[in-house]
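Residue numbers for the sequence shown follow my numbering, beginning at 94 and rising by one. First up is the structure itself, then whatever we jot down about it.
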Amino acid sequence: MSDFFHLDARVPGRRLLQSPGPTPIPEAVLHALMGQPMDMGDPRVDETIAACEAGLKQLLQTAQGNVFFFISNGHGAWEAAIENLVPPGGKVLVAGTGHFSESWAVQAEALGRRVVRTPWIEGLAIDPQAVAQALHDDPQHSIAAVFVVHTDTSSGITSDLAAIGAAMRATGHPALFVADVVASLGAEPFDMDTLGVDMAVGASQKGLMCPPGVGFVATSARAFAAAQANPAPRYYWDIVARKSELSYRKFCGTSPQNLLAALRVALGLLQQEGLPQVLARHRLLAGLVHAAVQGWAEGGTLGFFAQQPARRSNAVTTVTVPPGTDVDALRTLAREHYQVAFAGALGPLQGRGFRIGHLGDQNPALMLGAIGAIEAALRAQGLPLGDGVGRAVRRLAAGE
């Protein structure tokens, strides 16, 4: 008998999870999920929540921010940003990054907000000047906030938040700066206070090395004041009501104790490793995948979707394939025969590429194993390739 988490037959070893989310979970985090919940009045519940708040603020590098958790995925955290910061019928600027910026824009429109979009050019990061121009074109200051996806996990592109923030400030426009760090937190440098980000939006299932189920927002004083003044009707997503010393109010009901226990352990592991080391490890893993793709590209058919090398993500790499490639068949072959699971491309890129995640509980040996299995699947599908595995190995040996 099989179920969601088990195969029909015993397969030795461990299937490698190379999706950009969910990501591999450390054993200590898995063990934390197995504990019995406590009664809601147990002081250890408050201690766990406080530890998660403090650990997340440390990872976000904010001293001033308030952290609010939701039992949700990243889309739930998106909704919290919309409902708290943008008044009914109000306007938001969404910087174009592709699938995920468009999804956030559509969600805002579904909630009755008006959306201004900056153009998205395939293969390129967000243009800070396009954001600045859209704000210049709003002399009445009707745009309440600018929504920016830091790392778009469909395109594998990480945009330059520092440049975007500087361009925004140069306009003198008072719009709030809101950054989606769902895929970037723990993989890319992010300093909320230095960047001047007013609200960071994230979730548990990527660089935080936890199962899906916990979304969060962290706010500056300016963003929280905007939420206090916002007349938008809301209840579950209301961060003003959630600002409380009472755990029941912090979660608008029962808190997800097991998920929070896991998050507490995961944040502790990241702190123990050290943020500079965590970021260096993700750069190393990304470099191995990028080297492999460069090798594969020598066959003339595969390549990077991200055209600017400096903007290629440390969290996920999107690899383009020739027209007519059956990406789903490729993924099935790699997953069922070679025990490596990776992702297809999303939205306008669907069928045009695949995505290799390299974030979470990963190390170079796991990454090289995944690269080898993916190369085997590509060769089995008959795609012309250069030597990706060799390039990745040589890069690791060179210490680059």
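Built from N, CA and C at the ideal position, the CB exists for glycine as well. Everything numeric in this text was worked out from a predicted model, so none of it was measured.
Residue span of the alpha helix (DSSP H) that contains residue i, given as start and end
| i | result |
| --- | --- |
| Phe317 | Ala314 to Ala322 |
| Arg49 | The chain is shown only over 94 to 493; residue 49 falls outside these bounds and no answer can be derived. |
| Lys336 | First-last for Lys336: undefined, no H or E at that position. |
| Val414 | Looking at the DSSP string, Val414 is not in any alpha helix (DSSP H), and its letter there is neither H nor E. |
| Ile142 | Pro136 to Leu153 |
| Leu123 | Glu120 to Leu126 |
| Ala218 | Note, Ala218: premise wrong, no alpha helix (DSSP H); not H, not E. |
| Arg488 | Gly481 to Ala491 |
| Val199 | His192 to Ala203 |
| Ile257 | Leu254 to Thr264 |
| Ile175 | Gly167 to Leu178 |
Neighbourhood of residue i by C-beta, 6 Å cutoff - its chain only, sequence neighbours within 5 removed
| i | result |
| --- | --- |
| Leu378 | His451, Gln455 and Met460 |
| Gly183 | Arg206 and Ala237 |
| Leu204 | Ile175 |
| Gly392 | Pro477, Leu478 and Gly479 |
| Leu360 | Gly148 |
| Arg262 | none |
| Asp220 | none |
| Leu100 | Because the pLDDT at Leu100 is just 49, under 50, the model does not fix this residue reliably, and the value given afterwards should be weighed accordingly. Closer than 6 Å at Cβ, skipping near neighbours: no residue. |
| Leu209 | The sequence shown places Val at residue 209, rather than the Leu named in the question. Leu186 and Ala227, listed in sequence order. |
| Gly114 | Gln298 and Lys299 |
| Val382 | Thr410, Ile449 and His451 |
| Leu439 | His192 and Ser247 |
Opening and closing residue of the beta strand (DSSP E) in which residue i lies
| i | result |
| --- | --- |
| Met131 | Neither: Met131 is in no beta strand (DSSP E) and is coded neither H nor E. |
| Gly289 | Element bounds for Gly289: n/a, residue is neither H nor E. |
| Val239 | Ile236 to Val242 |
| Ala272 | Leu269 to Asp273 |
| Leu186 | Lys184 to Val187 |
| Phe162 | Asn159 to Ile164 |
| Arg448 | Gly446 to Gly450 |
| Arg207 | Arg207 to Arg210 |
heavy atom of the ligand SAM below 7 Å from residue i C-beta
| i | result |
| --- | --- |
| Gly128 | For the ligand SAM, the structure offers nothing, since it holds no ligand at all. |
Own chain residues within Cβ distance below 8 Å of residue i, not counting five before or after
| i | result |
| --- | --- |
| Thr264 | Ala225, Leu228 and His229 |
| Tyr328 | Ala334 and Cys345 |
| Arg357 | Ala125, Thr141, Ala144, Cys145 and Gly148 |
| Arg487 | Ala384 |
| Arg404 | Leu217, Ala218, Ile250, Thr251, Ser252 and Asp253 |
| Gly258 | Phe270, Leu288, Gly289 and Val290 |
| Asn159 | Ala311, Thr312, Phe317, Ile332 and Lys336 |
Cβ of residue i within 8 Å of any chain C Cβ
| i | result |
| --- | --- |
| Gln222 | Absent here is chain C; the protein component of the structure consists of one chain. |
Whole-Å CB distance - residue i paired with residue j, under 8 Å assumed
| i | j | result |
| --- | --- | --- |
| Phe309 | Phe161 | 6 Å |
| Thr251 | Ser277 | 6 Å |
| Arg448 | Thr411 | 5 Å |
| Ala408 | Gly300 | 7 Å |
| Leu442 | Phe398 | 7 Å |
| Gln157 | Asp286 | 6 Å |
| His168 | Gln200 | 7 Å |
| Leu178 | Ala322 | Actually they are not in contact, since the Cβ atoms of Leu178 and Ala322 sit about 10 Å apart, beyond 8 Å. |
| Leu109 | Gly462 | 6 Å |
| Trp330 | Ala173 | 4 Å |
| Val241 | Ala188 | 5 Å |
| Gly453 | Pro117 | 5 Å |
| Ala325 | Pro181 | 5 Å |
| Gly481 | Gly388 | 4 Å |
Cβ shell of residue i (< 7 Å), same chain only, five flanking positions each side left out
| i | result |
| --- | --- |
| Asp139 | Ser340 |
| Arg137 | Met131 |
| Asp96 | Residue confidence for Asp96 is low, a pLDDT of 49 falling below 50, so the modelled location carries little weight and cannot support an answer. |
| Ala170 | Phe163, Val294, Gly295, Ala296, Gly308, Phe309 and Val310 |
| Gln400 | Gly216 and Leu217 |
| Ile234 | Reading the sequence as shown, one finds His at residue 234 and not Ile. For His234, where only same-chain residues beyond five positions count, the Cβ hits under 7 Å are His266 and Pro267. |
| Pro349 | Ile164, Gly306 and Val307 |
| Glu493 | Gly380 |
| Val122 | Met302, Cys303, Ala355, Val358 and Ala359 |
Could you tell me whether the segment 269 to 276 touches the segment 207 to 214, using the rule of 3 or more Cβ pairs below 8 Å? no
For the segment 466 to 475 against the segment 355 to 365, are there 3 or more C-beta pairs whose distance is under 8 Å? no
Could you pull out every unbroken beta strand (DSSP E) segment of at least 3 residues lying fully inside the segment 358 to 432, listed in chain order? At a cut-off of 3 residues, the continuous stretches assigned as beta strand (DSSP E) that sit fully inside the segment 358 to 432 are 409 to 413.
Assess contact between the segment 413 to 432 and the segment 347 to 356, defined as three or more Cβ pairs (one per stretch) separated by less than 8 Å. Is contact present? no
Would you call the segment 190 to 204 in contact with the segment 242 to 249, where contact means no fewer than 3 C-beta pairs closer than 8 Å? yes
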